[in-house]
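Asker:
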Amino acid sequence: MSKRSLSLLLVLVFFSLSLSGCYFAAKKEMKTAEGLVTELKNAGGPAKVPYEYTSAEKLLEVSRMEFNENDYSHAKEFATRSISAAKAGLAEVKKR
Numbered sequence: 061m062s063k064r065s066l067s068l069l070l071v072l073v074f075f076s077l078s079l080s081g082c083y084f085a086a087k088k089e090m091k092t093a094e095g096l097v098t099e100l101k102n103a104g105g106p107a108k109v110p111y112e113y114t115s116a117e118k119l120l121e122v123s124r125m126e127f128n129e130n131d132y133s134h135a136k137e138f139a140t141r142s143i144s145a146a147k148a149g150l151a152e153v154k155k156r
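Residue 93 in our numbering sits at position 33 of the sequence shown, and the numbers go up by one each step.
1) Taking the Cβ atom as the reference point for each residue, do residue 148 and residue 112 lie within a distance shorter than 9 Å?
2) In three-state terms, what does DSSP make of residue 104?
3) In terms of residues, what are the limits of the alpha helix (DSSP H) holding residue 121?
4) From residue 143 to residue 109, what distance separates their C-alpha atoms?
5) Got a sec? Which residues, its chain only, sit under 7 Å from residue 135 by beta carbon, not counting five neighbours each side?
See below:
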């Protein structure tokens, strides 16, 4: 194997590993967001805290779209924002 071929192989392996890491991180974050949005919905979020609920739901929707376009880093970012909105909504619902 030539030095160039080995370099190319290493770059491809590194790229594959970095993408798979992003993939699984995004998937995990999205699953957490889905659970929290569902919990907020079941706690009456749409009526009690419509802003937080709608924000969490729409951010999760954008996260799914980014994931489907293989943009895993943005998918994770939007899922994280969805989690924050859902947690804020749950905290507000529990105060009432």
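Each residue gets a CB set at the ideal place from its N, CA and C atoms; glycine is no exception.
Answerer: In this structure, then:
1) Cβ distance < 9 Å, so residue 148 and residue 112 count as in contact.
2) Of the three classes helix, strand and coil, the one that applies to residue 104 here is coil, per DSSP.
3) 110-128
4) Straight-line Cα distance between these residues: approximately 15 Å.
5) 86, 90, 123, 126 and 127
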